[in-house]
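Asks: Just so we're aligned, residue 4 is where the sequence shown starts under my numbering, counting upward by one. After the structure tokens below, expect a handful of questions from me.
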Amino acid sequence: MLCLWWLLLLLFSTFPQIDLYASTHFFVREACKTAATLGENCGYFPYRRETYLGLLRIVFFRLPYVIAIVMLWKLAHCYWQFGSTFNVVRARAFKVALGSLIIGPGLLVNLVLKEHWGRPRPWQTVDFGGQLDFVQAGSVAGKCVSNCSFVSGEAAGAGWLFCLIVFVPQPARSALALPLAAISFLAPAMRLAFGAHYLSDVTLGWLSSVVVFAGLLALTDSPQGEKKLKFE
């Protein structure tokens with residue numbers, strides 16, 4: 004997974020036109036209201052103006068953290084029953100899930116990458132009606148000051164949601180797997196359609212959570228523990 008992340012970063016960095024091509028499909032060009040300078044593009048991202056999509060985006064944005072609060076309460080409940088009834092597998096699942104959310108979307112994405120890589124969002128660039136120059140994925144040459152485009156924090160949260168499927172017990176897994184997967188892929192797609200992120204931002208953001216989740220799961224796996232995670 005980690006190798007795939009770096010390979011995808013290399014691909015998007017080497018061929019930045021992939022990002023521009025993908026975002027162009029959601030951008031509507033229009034005549035500039037004032038005299039345009041050479042190379043200036045006027046227009047907008049229509050999906051960004053849809054009220055119902057904006058409300059849906061808020062739900063998707065907050066959902067991982069609502070689930071995390073419930074998990075934290077469940078984890079505390081596990082330790083309240085510490086003793087003969089203590090469920091080690093259940094507690095481990097909650098700790099891996101919460102730890103991967105903190106390390107991935109929390110620290111790695113929002114505090115490190117988005118705050119220090121400086122990549123402008125599509126709607127901020129001259130290619131899509133903004134004022135800043137486009138920079139390829141992974142570049143630190145961008146002029147964005149804070150809360151920048153590389154990588155998408157909401158896509159990272161959506162990737163974390165997708166990982167939770169492995170912890171959902173049957174028969175609930177069969178019922179929840181498809182809705183969780185749908186939300187996990189729709190949330191990043193909306194960020195792309197809104198002009199808030201490039202294709203590379205949402206792809207690498209989503210995959211970063213899978214990498215962190217899989218890494219924590221491997222690090223906490225005990226050879227003496229049960230090989231199949233279960234909930235009572």
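Ideal Cβ placement from N, Cα and C applies to all residues, glycine included. Since the model is a prediction, treat every value here as computed from it, not as a measurement.
If you compare alpha carbons, which of 30, 11, 56 is closest to residue 127?
Replies: The residue given as residue 127 occupies position 124 in the sequence shown. Measuring from the Cα of residue 127, the nearest candidate turns out to be 30.
Asks: Run through the region 36 to 97 for me and flag every whole alpha helix (DSSP H) of 4 or more residues, listed as ranges in chain order.
Replies: Counting whole runs of 4 or more residues, the region 36 to 97 contains the alpha helix (DSSP H) stretches 54 to 83.
Asks: Using a Cβ-Cβ cutoff of less than 7 Å, which residues in the same chain neighbour residue 209 once the five nearest sequence positions on both sides are dropped?
Replies: The count along the sequence shown starts at 1 and reaches residue 209 at position 206. Once the five neighbours on either side are set aside, the close Cβ partners of residue 209 are 158, 159, 161, 162, 191.
Asks: Buried or exposed: residue 37, going by 16 or more other Cβ atoms within 10 Å of its Cβ?
Replies: Looking up residue 37 in the sequence shown gives position 34. Residue 37 comes out exposed.
Asks: At what residues does the alpha helix (DSSP H) containing residue 160 begin and finish?
Replies: As a first step, residue 160 must be located in the sequence shown, where it is residue number 157. Taken as a continuous stretch (DSSP letters only), the alpha helix (DSSP H) holding residue 160 covers 156 to 166.
Asks: Would you report the Cα separation of residue 12 and residue 174, rounded to the nearest angstrom?
Replies: Locating residue 12 in the sequence shown gives position 9, counting from the first residue. Locating residue 174 in the sequence shown gives position 171, counting from the first residue. About 37 Å.
Asks: What's the C-alpha gap between residue 119 and residue 108?
Replies: Position 116 of the sequence shown, counting from 1, holds the residue named residue 119. Position 105 of the sequence shown, counting from 1, holds the residue named residue 108. If you take the alpha carbons of residue 119 and residue 108, they lie about 15 Å apart.
Asks: Ordered along the chain, which non-local residues of its own chain (more than five positions away) have a Cβ less than 8 Å from that of residue 106?
Replies: As a first step, residue 106 is located in the sequence shown; it is residue number 103 there, counting from the start. Same-chain partners within the cutoff: 215, 219.
Asks: Which of the three DSSP states is assigned to residue 31 in this structure?
Replies: Counting from 1 along the sequence shown, the entry for residue 31 is found at position 28. Correct three-state label for residue 31: strand.
Asks: Evaluate contact between the region 130 to 145 and the region 88 to 106, counting only Cβ atoms and requiring at least three cross-stretch pairs below 8 Å.
Replies: No, the region 130 to 145 is not in contact with the region 88 to 106.
Asks: In the structure shown, what three-state DSSP assignment does residue 9 receive?
Replies: As a working mapping, residue 9 is identified with position 6 in the sequence shown. Note: residue 9 maps to helix in three-state DSSP.
Asks: Nearest-angstrom Cα distance between residue 50 and residue 197?
Replies: What you label residue 50 is simply residue 47 of the sequence shown in a count that begins at 1. What you label residue 197 is simply residue 194 of the sequence shown in a count that begins at 1. One C-alpha to the other measures close to 6 Å.
Asks: Bridge partners of residue 135, per DSSP?
Replies: Numbered from its first residue, the sequence shown carries residue 135 at position 132. Its beta-bridge partners are 128.
Asks: Where residue 59 and residue 66 are concerned, what is the direct C-alpha to C-alpha distance, given to the nearest angstrom?
Replies: Counting from one through the sequence shown, the residue named residue 59 turns up at place 56. Counting from one through the sequence shown, the residue named residue 66 turns up at place 63. Approximately 11 Å between the Cα atoms of the pair.
Asks: The alpha helix (DSSP H) spanning residue 177 covers which residue range?
Replies: The count along the sequence shown starts at 1 and reaches residue 177 at position 174. Run containing residue 177: 175 to 196, per the alpha helix (DSSP H) assignment.
Asks: Helix, strand or coil, according to DSSP, for residue 117 in the structure here?
Replies: Translated into positions along the sequence shown, residue 117 becomes position 114. Here residue 117 sits in helix by DSSP.
Asks: Between which two residues does the alpha helix (DSSP H) containing residue 203 stretch?
Replies: For this step, residue 203 is matched to residue 200 along the sequence shown. It spans 202 to 222 - the alpha helix (DSSP H) in which residue 203 sits, taken as one unbroken run.
Asks: Alpha carbon to alpha carbon, what distance is there between residue 56 and residue 70?
Replies: As a working note, residue 70 is residue 67 in the sequence shown. As a working note, residue 56 is residue 53 in the sequence shown. Distance between the alpha carbons of residue 70 and residue 56 is about 21 Å.
Asks: Using a 10 Å radius around the Cβ and a threshold of 16 neighbouring Cβ atoms, would you call residue 80 buried or exposed?
Replies: Working through the sequence shown from its first residue, we reach residue 80 at position 77. Residue 80 is exposed by the Cβ-count criterion.
Asks: Measuring straight from C-alpha to C-alpha, what distance separates residue 35 and residue 45?
Replies: Position 32 of the sequence shown, counted from the start, is the residue given in the question as residue 35. Position 42 of the sequence shown, counted from the start, is the residue given in the question as residue 45. Computed Cα separation, rounded: 5 Å.
Asks: Please return the same chain residues whose Cβ sits closer than 6 Å to the Cβ of residue 180, not counting the five positions on each side in sequence.
Replies: Walking along the sequence shown from the start, residue 180 turns up at place 177. Here the set comprises 168.
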